[in-house]
């Protein structure tokens with residue numbers, strides 16, 4: 008179920024910002040991580056949809072302070088599912104739609120534990136999108 012604000016999914020529009028490099032440092036995934044620094048929905052992990060340069064990407068987004076790594080600093084970090092290289096610079100407009108909340112933000116005991124949880128979050132998001140596609144197909148046949 009999409010997070011609704013005024014009858015539609017909550018979204019933010021922003022430009023990319025550099026991250027702290029934890030995703031690549033701890034090899035959480037070969038997929039791209041994109042960070043925007045703007046106020047957003049409450050802290051937690053969400054199923055999201057990211058639009059940039061006219062393309063739509065399914066994604067998982069963490070909103071919060073990244074407590075597993077100590078020094079907290081607020082960020083909205085998006086893990087793009089099935090990403091392919093695309094031109095992205097500091098002026099690229101990103102539109103991030105929040106579709107469903109997966110869980111609260113948690114301080115994990117280690118980066119490895121966080122990596123394992125990210126895998127579960129990605130699996131849950133893929134299930135969400137597969138179910139959405141299946142239901143959309145049923146509705147178009149009616």
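Residue numbers (the numbering used here): 8 to 149. From the three backbone atoms N, C-alpha and C, an ideal C-beta is built for every residue, glycine too.
1. Which same chain residues end up closer than 6 Å to residue 75 when comparing Cβ atoms and leaving out the 5 residues on each side of it in sequence?
2. Count the CB pairs spanning the region 134-141 and the region 92-102 that are closer than 8 Å, and state whether there are at least three.
3. Mapping the DSSP letters down to three states, classify residue 82 as helix, strand or coil.
4. Based on DSSP bridge pairs, tell me the residues matched to residue 157.
5. Taking residue 51 as the reference, which of 110, 85, 80, 64 has the closest Cα?
6. Compare the C-beta of residue 143 with all C-beta atoms of chain C and state if any pair is closer than 9 Å.
7. In whole angstroms, what is the alpha-carbon distance linking residue 106 and residue 132?
Result, derived from the coordinates:
1. Residue numbering aside, residue 75 sits at position 68 when the chain shown is read from its first letter. Excluding residues within five positions, the ones whose Cβ falls inside 6 Å are 114, 115, 121.
2. no
3. The count along the chain shown starts at 1 and reaches residue 82 at position 75. In the structure shown, residue 82 sits in a strand (DSSP, three-state: E or B).
4. Limits of the chain in this structure are 8 at one end and 149 at the other, which puts residue 157 out of reach.
5. Position 44 of the chain shown, counted from the start, is the residue given in the question as residue 51. If we check each option's Cα against that of residue 51, 110 comes out closest.
6. No chain C is part of this structure, which consists of one protein chain only.
7. For this step, residue 106 is matched to residue 99 along the chain shown. For this step, residue 132 is matched to residue 125 along the chain shown. C-alpha separation (whole angstroms): 10 Å.
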